[in-house]
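See structure below.
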Amino acid sequence: MRPRLPFLSSLYPFARRFSTVANLPPSSVNQYDVIVIGGGHAGSEACAAAARTGARTLLLTQNLETIGELSCNPSFGGVGKGVLVKEVDALDGLCGRVSDLSGIQFKVLNRSRGPAVHFIFFLLLLLSTHLHYQGPRAQIDRKLYKRHMQDALYSQPNLTLRGANVADLVITPEDGTDIGAEGGRVGTYGRVRGVKLESGEIVIAPNVVITTGTFLQGEIHIGLKSYPAGRMGESPCVGLSKSLQMAGFRLARLKTGTPARLDGRTINYVGLAQQHGDVPASPFSFLHDSVPFEFQQVVCHMTRTNSETHKIVMDNLHQSIHIRETVKGPRYCPSLESKLMRFKEKQGHTIWLEPEGRYYFLVGEECR
Ligand SMILES: Cc1cc2nc3c(=O)[nH]c(=O)nc-3n(C[C@H](O)[C@H](O)[C@H](O)COP(=O)(O)OP(=O)(O)OC[C@H]3O[C@@H](n4cnc5c(N)ncnc54)[C@H](O)[C@@H]3O)c2cc1C
Numbered sequence: 393m394r395p396r397l398p399f400l401s402s403l404y405p406f407a408r409r410f411s412t413v414a415n416l417p418p419s420s421v422n423q424y425d426v427i428v429i430g431g432g433h434a435g436s437e438a439c440a441a442a443a444r445t446g447a448r449t450l451l452l453t454q455n456l457e458t459i460g461e462l463s464c465n466p467s468f469g470g471v472g473k474g475v476l477v478k479e480v481d482a483l484d485g486l487c488g489r490v491s492d493l494s495g496i497q498f499k500v501l502n503r504s505r506g507p508a509v510h511f512i513f514f515l516l517l518l519l520s521t522h523l524h525y526q527g528p529r530a531q532i533d534r535k536l537y538k539r540h541m542q543d544a545l546y547s548q549p550n551l552t553l554r555g556a557n558v559a560d561l562v563i564t565p566e567d568g569t570d571i572g573a574e575g576g577r578v579g580t581y582g583r584v585r586g587v588k589l590e591s592g593e594i595v596i597a598p599n600v601v602i603t604t605g606t607f608l609q610g611e612i613h614i615g616l617k618s619y620p621a622g623r624m625g626e627s628p629c630v631g632l633s634k635s636l637q638m639a640g641f642r643l644a645r646l647k648t649g650t651p652a653r654l655d656g657r658t659i660n661y662v663g664l665a666q667q668h669g670d671v672p673a674s675p676f677s678f679l680h681d682s683v684p685f686e687f688q689q690v691v692c693h694m695t696r697t698n699s700e701t702h703k704i705v706m707d708n709l710h711q712s713i714h715i716r717e718t719v720k721g722p723r724y725c726p727s728l729e730s731k732l733m734r735f736k737e738k739q740g741h742t743i744w745l746e747p748e749g750r751y752y753f754l755v756g757e758e759c760r
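Numbered by the working numbering, the letters in the sequence shown go through residues 393 to 760 in order.
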């Protein structure tokens with residue numbers, strides 16, 4: 393483990409001992425080459441990639457049912473991000489293939505952009521042979537994506553999937569000192585040897601990959617309410633945050649906004665601009681020539697906010713703690729209220745209404 397900051401025990405009120413394996417009877421120890429913690433996008437790719445190399449790999453994730461869950465708007469790709477999906481696919485990764493199987497609208501963004509955009513991307517193209525200046529993007533059926541991702545992982549040789557909460561890292565100090573523990577030598581770091589589960593069970597591996605996404609000491613803010621959570625309806629992961637803090641890593645917050653989900657049957661689509669998928673659809677994966685739902689693609693709709701919308705939002709800012717700048721750090725998706733505050737001069741902002749699946753009617757609004 394490579395800490396980024398010197399460890400100062402006085403700054404860490406949660407100081408405690410790391411789990412160690414020294415006193416455990418061998419029979420209680422499970423061993424793997426690689427443990428991946430977390431079955432989101434990153435963890436799914438990481439455990440499959442490790443297993444493909446022949447490593448005996450264990451994926452530990454809070455709930456097997458949520459492997460491959462799409463946290464925000466169910467979409468893949470776009471300008472910039474589409475390139476990443478293609479690159480993951482070129483490395484034999486899963487998300488491109490799984491997106492092709494579960495995509496319900498495929499669209500190459502920027503097709504109509506003019507020569508200036510093309511020239512900039514052409515320059516970038518010279519730097520990377522993989523770079524696509526247009527952005528392949530797909531709207532995904534949430535449930536199908538999860539199902540196909542789980543199928544892919546369950547059928548991956550060398551990979552074991554297990555639902556369990558990781559509570560701590562097992563770290564042995566290189567000089568035999570207890571790291572950061574009271575009386576131990578503060579500032580001494582060690583090697584990770586495995587993980588300790590909430591049940592107390594220890595699982596051993598010389599390599600541990602942490603892909604816990606938004607769960608590390610996560611919080612949800614809705615209106616004026618704020619409560620600990622990893623994602624909507626899921627518990628945060630607290631133990632591991634403390635372990636990382638103990639090991640000298642600096643913890644900071646990451647903030648994202650997500651729009652309200654609407655029942656699609658309650659929306660009046662009359663007068664909204666329609667966006668149809670491309671036919672033929674461009675698959676993400678180099679292994680696919682076509683996608684299953686090419687001829688049954690859903691329609692997305694586009695609308696814009698106006699001065700009336702802006703007034704409603706601005707008059708109600710006091711009802712949201714999300715916009716208070718108490719949290720400093722990187723952001724993902726800005727909320728509509730953040731955009732209105734930041735770009736006061738703009739008369740309107742684009743709103744996309746995008747279905748979350750083929751057979752159910754939740755619609756998310758996305759800023760692309
Ligand atoms: C409401 C919302 C909106 C978002 N909007 C965007 C956006 O617009 N753009 C964007 O790029 N990103 C957005 N994100 C972030 C999004 O979570 C990440 O981009 C993406 O999901 C990260 O993937 P991941 O694999 O790193 O983690 P996640 O998908 O968060 O998966 C983490 C996994 O780790 C598991 N886990 C956590 N702790 C433990 C533990 N101790 N033991 C075992 N398992 C554990 C969880 O159960 C989960 O399965 C948003 C997130 C949320 C919640």
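Glycine is no exception: its CB is placed at the ideal position from the N, C-alpha and C atoms.
Buried or exposed by the 16-neighbour rule on C-beta atoms within 10 Å, applied to residue i
i: D655; result: exposed
i: Q423; result: exposed
i: L636; result: buried
i: H702; result: buried
i: R696; result: exposed
i: Q689; result: buried
i: A652; result: exposed
i: M624; result: exposed
i: K617; result: exposed
i: M706; result: exposed
i: S674; result: buried
i: K738; result: exposed
i: A442; result: buried
i: L632; result: buried
i: A440; result: buried
i: Q454; result: buried
i: L450; result: buried
i: F687; result: exposed
Limits of the beta strand (DSSP E) - the one that residue i falls within
i: D670; result: It is not in any beta strand (DSSP E) - D670 carries neither H nor E in the DSSP assignment.
i: M694; result: 692 to 696
i: V558; result: 558 to 565
i: A544; result: Premise fails: A544 lies in the alpha helix (DSSP H), 534 to 546, not in any beta strand (DSSP E).
i: H710; result: Looking at the DSSP string, H710 is not in any beta strand (DSSP E), and its letter there is neither H nor E.
i: G605; result: Taken as a continuous stretch (DSSP letters only), G605 belongs to no beta strand (DSSP E), as it is neither H nor E.
i: V683; result: Premise fails: V683 is in no beta strand (DSSP E) and is neither H nor E.
i: E746; result: 742 to 747
i: G615; result: Segment: none, G615 is in no beta strand (DSSP E) and carries neither H nor E.
Cβ-based neighbour list, residue i, same chain, cut-off 7 Å, excluding 5 preceding and 5 following
i: H714; result: H613, G649, S727
i: L501; result: G470, V471, Q526, G527, R529
i: R448; result: Y424, D425, N550
i: V630; result: Q609
i: V480; result: E437, C487, G488
i: K535; result: G749
Cβ-Cβ separation, residue j to residue i (assumed contact under 8 Å), whole Å
i: Y537; j: V600; result: Their Cβ separation, rounded to whole angstroms, is 26 Å, which puts Y537 and V600 out of contact at 8 Å.
i: L545; j: V587; result: Contact doesn't hold; Cβ gap of about 19 Å is too wide.
i: T603; j: A434; result: 4 Å
i: A556; j: L589; result: 5 Å
i: S436; j: G460; result: 6 Å
i: D492; j: H668; result: About 18 Å separates the two Cβ atoms, so there is no contact after all.
i: I563; j: R585; result: 7 Å
i: K634; j: G721; result: Going by Cβ atoms, the distance from K634 to G721 rounds to 19 Å, so no, they are not a contact pair.
i: L452; j: R554; result: 6 Å
Boundaries of the alpha helix (DSSP H) in which residue i is found, first to last residue
i: E737; result: Element bounds for E737: n/a, residue is neither H nor E.
Contacting residues, own chain, Cβ-Cβ under 6 Å from residue i (five flanking each side not counted)
i: D533; result: S494, I496, G749, R750
i: Q531; result: S467, I496, Q497, E746
i: H741; result: T697, K731
i: K736; result: none
Ligand 3 heavy atom lying under 6 Å from the CB of residue i
i: R623; result: Within the structure as shown, ligand 3 is missing, the only ligands being ligand 1.
Spatial neighbours of residue i in its chain, beta-carbon cut-off 8 Å, leaving aside the 5 residues before and after
i: P628; result: F607, L608, Q609, G610, E611, P620, A621, G622
Check: Which parts of the region 429 to 511 are runs of the alpha helix (DSSP H), unbroken and 4 residues or longer, counting only runs that do not cross its ends?
Finding: The region 429 to 511 contains these whole alpha helix (DSSP H) runs: 433 to 444, 473 to 482, 487 to 494.
Notebook entry, point to check: Fully enclosed by the region 632 to 673, which beta strand (DSSP E) runs are 3 residues long or longer?
Noted result: Within the region 632 to 673, the complete beta strand (DSSP E) runs of at least 3 residues are 665 to 667.
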